[in-house]
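Asker: Each residue of the sequence shown is one higher than the one before, starting from 589 at the first, in this note's numbering.
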Amino acid sequence: MQIFNTQIELEGFLSKIRKKGIKIGFVPTMGALHEGHLDLVKKSVEENDYTLVSIYVNELQFNNPIDFNNYPITKEDDIEMLKQVSCDAVFMPSSEVMYPKGYKKISLELGNLVDVFEGPLRPGHFDGVVQVVYRLFDYIKPNTAYFGLKDYQQCMVIKALKNQFFHSIHLVFCPTIRMETGLAMSSRNKRLSPLGLIEASYLYKALTTIRDLSIHIEAFDAINYGKLLLQKRQIEVEYLELANADTLAPGKRWFRKNKNIVLLAVNIEGVRLIDNIGF
Ligand code: AMP
Numbered sequence: 589m590q591i592f593n594t595q596i597e598l599e600g601f602l603s604k605i606r607k608k609g610i611k612i613g614f615v616p617t618m619g620a621l622h623e624g625h626l627d628l629v630k631k632s633v634e635e636n637d638y639t640l641v642s643i644y645v646n647e648l649q650f651n652n653p654i655d656f657n658n659y660p661i662t663k664e665d666d667i668e669m670l671k672q673v674s675c676d677a678v679f680m681p682s683s684e685v686m687y688p689k690g691y692k693k694i695s696l697e698l699g700n701l702v703d704v705f706e707g708p709l710r711p712g713h714f715d716g717v718v719q720v721v722y723r724l725f726d727y728i729k730p731n732t733a734y735f736g737l738k739d740y741q742q743c744m745v746i747k748a749l750k751n752q753f754f755h756s757i758h759l760v761f762c763p764t765i766r767m768e769t770g771l772a773m774s775s776r777n778k779r780l781s782p783l784g785l786i787e788a789s790y791l792y793k794a795l796t797t798i799r800d801l802s803i804h805i806e807a808f809d810a811i812n813y814g815k816l817l818l819q820k821r822q823i824e825v826e827y828l829e830l831a832n833a834d835t836l837a838p839g840k841r842w843f844r845k846n847k848n849i850v851l852l853a854v855n856i857e858g859v860r861l862i863d864n865i866g867f
């Protein structure tokens, strides 16, 4: 597996293989890899001739410095895991490579998309995501890029980025990979105690309960029931809400089939977790 650390080596190599018609698949990550990330990588390996994974903990997207400083770094394990799934290359830039002196910030009109859910709770987060993914797309110019639906709002932001700047990049959004308990895999799970992990499994229980109730009762009541389930476990809920799956506009009544998305963010043992379910 090739390892690139600078833009120059990366761009030089990729432009050569692109000229040969080799299809490039790209999976951006912040490392501390788990089966959720590897699922995206496996899809890319299946669907492309050459798969590149980036590992970069993007400080710009952390609104909370404690969260940034505590973000797990497991470089050697990450490289080993990527080798196991036949990944072709990894790009591990420094901050100087990612954001060289005098780099130009781009501006992307995201409208209502960032007025809800993670937007107001994590000021600057999506702008940070946009800056890093713009720069990565620009360096790499992949044929296809893979993202996880676990970060549903992020997927919609990336779609807006593509529509404005990168028409030729094909986006693939992949389903959330979960532990046996239903807990969505996340690098942040590493910071939970065994008890915290058990508590966190109630997130998916609440989401599936809401989905299952949707054929019997009104949305408002189902959502409240889900909140109650979590509060009974002493889980601190930041939001648990229904929205339109296409626009992310919050709703009090069910949308039509396959247009419902229920999103949540909670804190368990000081670790912020997000999840969602679509139906
Ligand atoms: P991160 O390293 O957290 O920035 O995540 C990198 C990519 O992996 C993003 O597109 C995430 O949405 C995706 N991802 C993270 N966790 C999961 C999961 N449990 N299942 C599927 N994709 C995931």
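The beta carbon of each residue, even a glycine, is placed where N, CA and C say it ideally should be.
In this text, all values refer to a predicted model and were calculated from it rather than measured experimentally.
In chain order, which alpha helix (DSSP H) runs of at least 4 residues are fully inside the segment 649-675?
Answerer: Fully enclosed alpha helix (DSSP H) runs of 4 or longer: 653-657, 663-672.
Asker: Quick check: the segment 702-720 against the segment 646-666, are there 3 or more CB pairs under 8 Å?
Answerer: Touching, yes.
Asker: Of the choices ALA853, GLU857, HIS622, whose alpha-carbon is the least far from that of PRO782?
Answerer: Closest option to PRO782, Cα to Cα, is GLU857.
Asker: My understanding is that LEU861 touches GLY736, with C-beta atoms under 8 Å, so please give their C-beta distance in whole angstroms.
Answerer: In fact, because the Cβ distance is near 14 Å, the residues do not count as touching under 8 Å.
Asker: Cα-Cα, which of VAL859, GLU806, TYR813 is closest to GLY839?
Answerer: Selected option, being the one with the closest Cα: GLU806.
Asker: In chain order, which continuous runs of the beta strand (DSSP E) of length 3 or greater are located wholly inside the segment 814-842?
Answerer: Runs found: 824-832.
Asker: THR594 lies in the beta strand (DSSP E); which residues open and close that run?
Answerer: That residue, THR594, is in no beta strand (DSSP E); it is neither H nor E in DSSP.
Asker: Rounding to the nearest angstrom, what Cα-Cα distance links THR594 and SER642 in this structure?
Answerer: Cα to Cα, the separation comes out at about 12 Å.
Asker: For TYR734 versus GLY613, is the C-beta spacing smaller than 8 Å?
Answerer: Yes. Within cutoff.
Asker: What span of residues does the alpha helix (DSSP H) with ARG776 cover, start to end?
Answerer: ARG776 -> no alpha helix (DSSP H), and no H or E assigned at all.
Asker: Within the present structure, is the beta-carbon of CYS675 separated from the nearest heavy atom of the ligand ADP by less than 7 Å?
Answerer: Of the ligands this structure carries, namely the ligand AMP, none is the ligand ADP.
Asker: Which residues in the same chain as LEU724 place their Cβ atom closer than 7 Å to its Cβ, once the five residues preceding and following it in sequence are excluded?
Answerer: So the list reads PRO616, SER642, once near-sequence residues are dropped.
Asker: Rounded to the nearest angstrom, what separates PRO708 and VAL702 at their Cα positions?
Answerer: When rounded, the distance between both Cα atoms is 7 Å.
Asker: Would you give the residue range spanned by the alpha helix (DSSP H) that GLY866 belongs to?
Answerer: Here GLY866 belongs to no alpha helix (DSSP H); instead the beta strand (DSSP E) covers 859-866.
Asker: Could you tell me which of LEU801, ILE667, LEU830 sits nearest to PHE679, measuring between CA atoms?
Answerer: Checked all of LEU801, ILE667, LEU830; the closest Cα to PHE679 is ILE667.
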